[in-house]
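Working notes, beginning with the structure itself.
In UniProt numbering, the protein residues as written are 1 to 919.
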């Protein structure tokens with residue numbers, strides 16, 4: 001042994017002094033050395049390729065024998081499924097090929113016609129052209145429609161491939177030629193002509209057709225993962241049997257660069273999502289050029305997915321390559337494939353067979369010999385796997401075989417962007433931006449797709465080449481329709497079929513609407529208490545889906561852990577550190593809480609799945625997604641736009657809201673603008689409640705509004721605060737309509753003779769209440785106080801009325817805010833814990849002089865009092881603002897204003913403790 005070690009140490013063989021030897025004992029060093037010698041001998045007598053082959057076979061055999069080896073994250077850039085293990089293709093390949101070509105033609109012509117003079121609305125031709133077989137194999141043989149068991153599968157179609165889905169619907173008789181000509185003209189296209197079609201999968205724009213919005217790249221992968229996860233959640237909670245439903249998501253290889261596309265992959269294996277399959281269309285191109293010009297995106301993605309615990313199926317080469325691989329006795333072809341970069345693969349497809357012979361096969365004399373008897377045309381006809389029906393079918397079938405393994409699956413399909421469109425499109429860097437097809441290219445495209453349209457028809461109007469449909473009685477169309485019938489109906493399709501939920505009875509919540517007395521309660525806690533009361537209704541209780549991206553204890557929701565429990569498909573296989581406490585952390589297979597960890601992207605995706613369950617599953621669920629307000633619309637606003645597009649319904653709760661209430665946390669935790677951002681989303685109704693009873697009213701009305709007898713496709717955004725305060729009781733004459741529409745009169749000071757008005761929301765109401773007292777006591781001002789529950793709803797009301805009047809050429813109806821305020825004299829001051837832009841939204845509706853105070857600029861760590869003085873949103877700042885308004889109207893002297901500002905030290909953030917002015 002010593003001699004052997006000495007020989008190795010003097011040789012070029014590197015010595016491994018760590019790794020396996022560092023933590024596993026060698027119980028039989030002699031046997032170990034024999035294996036090492038055997039490998040050394042093999043390398044001395046044969047090639048590294050042969051050694052690699054044998055090592056891979058050994059690993060394959062070890063895996064089959066259940067030897068627990070570390071995961072191998074990369075295999076050769078070849079098909080995962082051997083040719084001899086491919087299942088028989090069950091369909092009529094020639095018929096399917098014919099109508100696949102018709103679909104490809106009509107999809108491209110639809111985009112081309114949309115560039116006609118006077119329209120020019122854009123579109124994408126090349127994505128679907130290259131991915132057509134991937135979709136068609138699924139739609140002909142795998143993807144189940146809404147009439148299938150449990151409402152079928154859920155398909156996330158790639159956004160840029162939407163023309164292909166419209167084209168297929170045209171062939172199925174669901175859309176007409178006039179409908180196709182309405183592509184991307186949703187507002188201006190004449191309804192007498194046909195139906196306008198949205199550019200991408202937009203459910204809100206085509207609510208009986210599209211189910212999932214996907215074109216904001218990265219959100220499709222995230223939402224597909226959490227849709228599959230939510231399906232498991234529904235089943236394990238006993239709400240719906242989803243065991244036969246499968247989630248399929250079509251993605252692009254360039255799209256996988258998005259952090260959302262890869263950052264959540266581990267959730268697939270962590271939650272045993274064997275009901276999920278990604279199909280990544282690896283055409284090697286982003287929108288401007290190669291994804292990985294110098295390396296291999298397919299190999300990179302294989303490593304990423306395997307490392308995240310996914311099954312990986314690579315569909316790299318079509319059946320024409322099978323004979324070459326079989327003839328490749330020493331692995332030269334595989335070695336050549338592995339060493340050729342994606343940039344070169346793209347260049348090969350932009351040339352011809354002779355170029356491929358010289359610049360690919362010609363790189364190694366052994367591979368050149370493999371194709372020496374093939375013509376250049378035969379070499380050119382070697383297809384990539386993503387264009388081969390049989391290879392794709394085998395991959396999809398294998399993906400379904402993995403059901404029950406507890407692991408999701410990804411299919412990496414090698415394709416060419418623009419495939420079938422002709423030499424001017426296929427694999428070109430500019431192909432994504434190409435919208436029009438020149439007349440000669442049209443003819444070549446027609447010939448390649450074997451479309452029975454004459455030159456004369458194409459030349460008649462090059463802007464309007466004809467669509468092609470053989471008629472609904474053609475055997476190909478009958479075959480297509482029969483396949484969809486057997487699979488459960490058309491796809492894509494969106495249906496809304498569910499039983500409305502009962503409205504919460506607010507009359508049973510009187511306790512929540514009473515004065516809190518000596519107890520101080522934050523509105524976040526008022527929310528938690530309201531939800532607890534709502535859940536006394538058994539039907540509503542099982543529909544509530546609490547979603548928390550961590551810090552439930554911060555929000556006072558840890559009291560839910562022992563009763564509602566945290567959903568985990570594996571239950572709780574450990575003893576929690578706080579097991580002996582009443583509020584012990586509790587996970588369970590039937591848990592109700594979705595605890596997302598530190599992942600707002602995950603929380604938003606969970607919210608999306610739950611908020612759209614009424615449509616995707618026919619099971620209305622009520623998500624309550626509570627998070628740090630700063631990290632909602634700012635961090636995941638794109639996801640909230642997508643769920644609004646999908647017509648989601650539920651509650652977004654921006655907790656620890658406002659720029660001054662979360663003391664000490666600093667700039668990136670201080671939310672002074674989420675309500676402003678929320679106002680830009682038309683699907684979101686946002687509120688900034690000040691009092692607990694307002695929260696109770698908003699939650700109960702919101703449930704009825706979203707899930708009652710006359711449901712609306714809206715999302716409620718409520719800001720809640722972590723500042724414990726005295727909660728006043730609900731006024732006996734509460735203007736409930738005003739509360740829900742955005743503003744109501746709260747009270748008027750009992751003393752004072754000079755009228756003025758304060759409009760406030762959120763914690764700004766407490767500063768306003770204090771200011772109201774100071775104004776009455778020291779300045780003889782009788783201030784009326786208005787609770788503005790929603791600045792943005794008031795602004796929308798006014799804008800809607802003005803737009804309606806503009807279109808009809810008449811005077812606008814009175815804005816609701818104006819009708820609520822016009823009976824009150826004096827100036828108006830608007831204040832909140834948000835930037836002044838929020839209060840400025842209603843300026844045109846205020847019937848008088850209007851001043852606004854707000855927390856503008858970056859947040860910072862300080863006391864609440866210090867921050868409020870700095871931003872001038874505290875009570876004395878409101879006092880001076882009211883006095884300023886009165887001075888403008890000549891009702892007080894400017895000296896009074898100046899004296900108050902000086903005495904209250906409004907310019908000194910350190911002077912937060914003050915003495916009231918002496919008489």
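Ideal placement from N, C-alpha and C gives every residue a C-beta, glycine not left out. Small disclaimer: the values here were computed from a predicted structure and weren't measured.
### Query
What do you reckon, are the CB atoms on residue 406 and residue 274 nearer than 7 Å?
Within the chain shown, residue 406 is the residue found at index 406, counting from 1. Within the chain shown, residue 274 is the residue found at index 274, counting from 1. Contact flag set, yes.
### Query
Per DSSP, residue 413 is paired with what?
Along the chain shown, read from residue 1 onward, the residue named residue 413 stands at position 413. Bridge partners of residue 413: 281, 315.
#### Entry: Rounded separation between residue 732 and residue 760 - CA only
Residue numbering aside, residue 732 sits at position 732 when the chain shown is read from its first letter. Residue numbering aside, residue 760 sits at position 760 when the chain shown is read from its first letter. Roughly 20 Å separates the two Cα atoms.
### Query
Who are the Cβ neighbours of residue 142 in its own chain at under 6 Å, not counting the five residues just before and after it?
Locating residue 142 in the chain shown gives position 142, where the first residue counts as 1. 396, listed in sequence order.
### Query
Would you call residue 433 buried or exposed, if buried means 16 or more other Cβ atoms sit within 10 Å of its Cβ?
Within the chain shown, the letter at position 433 stands for residue 433. Residue 433 should be labelled exposed.
### Query
So, residue 388 versus residue 318, is the Cβ gap smaller than 7 Å?
Translated into positions along the chain shown, residue 388 becomes position 388. Translated into positions along the chain shown, residue 318 becomes position 318. In this structure, residue 388 places its C-beta atom within 7 Å of the C-beta atom of residue 318.
### residue 937 - DSSP class collapsed to helix/strand/coil
Shown here, the chain extends from 1 to 919; a query on residue 937 therefore has no answer.
### Message
With a threshold of 8 Å on Cβ separation, who are the neighbours of residue 218 within its own chain once the five nearest residues in sequence on each side are excluded?
### Response
Taking the chain shown and counting its residues from 1, one reaches residue 218 at position 218. Within its own chain, the residues whose Cβ lies closer than 8 Å to the Cβ of residue 218, once the five positions on either side in sequence are excluded, are 255, 258, 259, 260, 261, listed in chain order.
### Query
How far does the beta strand (DSSP E) with residue 842 in it reach, from first residue to last?
Here residue 842 is taken as the residue at index 842 of the chain shown, counted from 1. Element bounds for residue 842: n/a, residue is neither H nor E.
### Query
To the nearest angstrom, how far is it from the Cα of residue 169 to the Cα of residue 103?
Counted from its first residue, the chain shown places residue 169 at position 169. Counted from its first residue, the chain shown places residue 103 at position 103. The alpha-carbon atoms of residue 169 and residue 103 are separated by roughly 9 Å.
#### Entry: Anticipated Cβ contact below 8 Å, residue 413 with residue 134, distance rounded
As a position in the chain shown, residue 413 is number 413, starting the count at 1. As a position in the chain shown, residue 134 is number 134, starting the count at 1. With 8 Å as the limit, residue 413 and residue 134 qualify as a contact, their Cβ atoms being about 6 Å apart.
### Query
Quick one, are the C-beta atoms of residue 536 and residue 512 less than 7 Å apart?
On the chain shown, position 536 is the one that residue 536 refers to. On the chain shown, position 512 is the one that residue 512 refers to. Cβ distance not < 7 Å, so residue 536 and residue 512 don't count as in contact.
### Task
Could you name the residues that DSSP lists as bridge partners for residue 725?
Residue mapping note: residue 725 aligns to position 725 of the chain shown, counting from 1. BP columns for residue 725 point to 521.
### Query
Which ranges does the beta strand (DSSP E) cover as unbroken runs of at least 3 residues, wholly within the region 287-358, from first to last along the chain?
With a minimum length of 3 residues, the continuous beta strand (DSSP E) runs that stay inside the region 287-358 are 311-315.
### Message
Which complete alpha helix (DSSP H) runs does the region 392-474 hold, if anything under 4 residues is left out?
### Response
Complete alpha helix (DSSP H) runs here, min 4: 439-449, 455-460.
### Query
Is the Cβ-Cβ distance between residue 467 and residue 140 less than 7 Å?
Here residue 467 is taken as the residue at index 467 of the chain shown, counted from 1. Here residue 140 is taken as the residue at index 140 of the chain shown, counted from 1. No, they are not a contact pair.
### Message
I'd like to know whether the C-beta atoms of residue 393 and residue 157 end up nearer to each other than 7 Å.
### Response
Taking the chain shown and counting its residues from 1, the one referred to as residue 393 is at position 393. Taking the chain shown and counting its residues from 1, the one referred to as residue 157 is at position 157. No, the Cβ-Cβ distance between residue 393 and residue 157 is not below 7 Å.
### Message
Could you tell me the alpha carbon to alpha carbon distance between residue 578 and residue 552, rounded to whole angstroms?
### Response
In the chain shown, the residue the question calls residue 578 occupies position 578. In the chain shown, the residue the question calls residue 552 occupies position 552. Note on geometry: alpha-carbon atoms of residue 578 and residue 552 lie some 15 Å from one another.
### Environment of residue 611 [buried if 16+ CB atoms lie within 10 Å]
Reading the chain shown from its first residue, position 611 is the one you call residue 611. Answer is buried; the Cβ neighbour count reaches 16.
#### Entry: Spatially closest choice to residue 343 from 290, 353, 590, by CA coordinates
The residue you call residue 343 lines up with position 343 of the chain shown. Considering only alpha carbons, the answer is 290.
### Query
When DSSP labels each residue in this structure, what does residue 816 get in the three-state scheme?
As a working note, residue 816 is residue 816 in the chain shown. Reduced to three states, the DSSP call for residue 816 is helix.
### Query
What did DSSP end up calling residue 156 once you bin it into helix, strand or coil?
Along the chain shown, read from residue 1 onward, the residue named residue 156 stands at position 156. It is a strand residue.
### Message
So, under 8 Å CB-CB, residue 654 and residue 700 are touching, yes? Tell me the CB distance rounded to an integer number of Å.
### Response
In the chain shown, counting from the first residue as 1, residue 654 sits at position 654. In the chain shown, counting from the first residue as 1, residue 700 sits at position 700. That pair is no contact at about 19 Å.
### Query
Considering only C-alpha positions, which residue in the set 110, 348, 696 is nearest to residue 442?
For the purposes of this step, residue 442 is identified with residue 442 of the chain shown, where counting begins at 1. Per the Cα distances, 110.
### Message
Is the beta carbon of residue 607 closer than 7 Å to that of residue 623?
### Response
What you label residue 623 is simply residue 623 of the chain shown in a count that begins at 1. What you label residue 607 is simply residue 607 of the chain shown in a count that begins at 1. Annotated as proximal: residue 623 and residue 607, with beta-carbon spacing under 7 Å.
### Message
Determine whether the beta carbon atoms of residue 707 and residue 501 lie at a separation below 7 Å.
### Response
Here the question's residue 707 lines up with position 707 in the chain shown. Here the question's residue 501 lines up with position 501 in the chain shown. Going by C-beta atoms, residue 707 is nearer than 7 Å to residue 501.
### Query
Taking the continuous alpha helix (DSSP H) assigned at residue 880, which residues delimit it?
Within the chain shown, the letter at position 880 stands for residue 880. 875-888 is the extent of the alpha helix (DSSP H) around residue 880.
### Message
Does residue 210 come out as helix, strand or coil in the three-state DSSP assignment?
### Response
Position 210 of the chain shown, counted from the first residue, corresponds to residue 210. The three-state reading of DSSP puts residue 210 in coil, since its state is none of H, G, I, E or B.
### Query
Are the beta-carbon atoms of residue 828 and residue 857 separated by less than 7 Å?
Locating residue 828 in the chain shown gives position 828, counting from the first residue. Locating residue 857 in the chain shown gives position 857, counting from the first residue. In this structure, residue 828 keeps its C-beta atom at 7 Å or more from the C-beta atom of residue 857.
### Message
Residues in the same chain with beta-carbon distance under 7 Å from residue 92, minus the five sequence neighbours each way, listed in chain order, please.
### Response
What you label residue 92 is simply residue 92 of the chain shown in a count that begins at 1. Counting only residues of its own chain and dropping the five nearest sequence neighbours on each side, residue 92 has a CB closer than 7 Å to the CB of 479.
### Message
Could you check whether residue 628 and residue 663 sit closer than 7 Å to each other, using their CB atoms as the reference points?
### Response
Counting from 1 along the chain shown, the entry for residue 663 is found at position 663. Counting from 1 along the chain shown, the entry for residue 628 is found at position 628. Pairing residue 663 with residue 628 gives a Cβ-Cβ distance that is not under 7 Å.
### Query
Taking C-beta to C-beta, are residue 801 and residue 813 nearer than 7 Å?
If you number the chain shown from 1, residue 801 lands on position 801. If you number the chain shown from 1, residue 813 lands on position 813. With a cutoff of 7 Å on beta-carbon distance, residue 801 and residue 813 are scored as near each other.
### Task
Grab the span of the alpha helix (DSSP H) containing residue 602 for me, first residue to last.
Mapped onto the chain shown, residue 602 falls at position 602. Note, residue 602: alpha helix (DSSP H), 600-611.
### Task
From the DSSP output, in three-state form, read off residue 680 for me.
The residue labelled residue 680 in the question sits at position 680 within the chain shown. DSSP places residue 680 outside both helix and strand once states are collapsed to three, so it counts as coil.
### Query
Per DSSP, residue 276 is paired with what?
Locating residue 276 in the chain shown gives position 276, counting from the first residue. Residue 276 pairs with 247.
### Query
Which of the three DSSP states, helix, strand or coil, is assigned to residue 782?
The residue you call residue 782 lines up with position 782 of the chain shown. Of the three classes helix, strand and coil, the one that applies to residue 782 here is strand, per DSSP.
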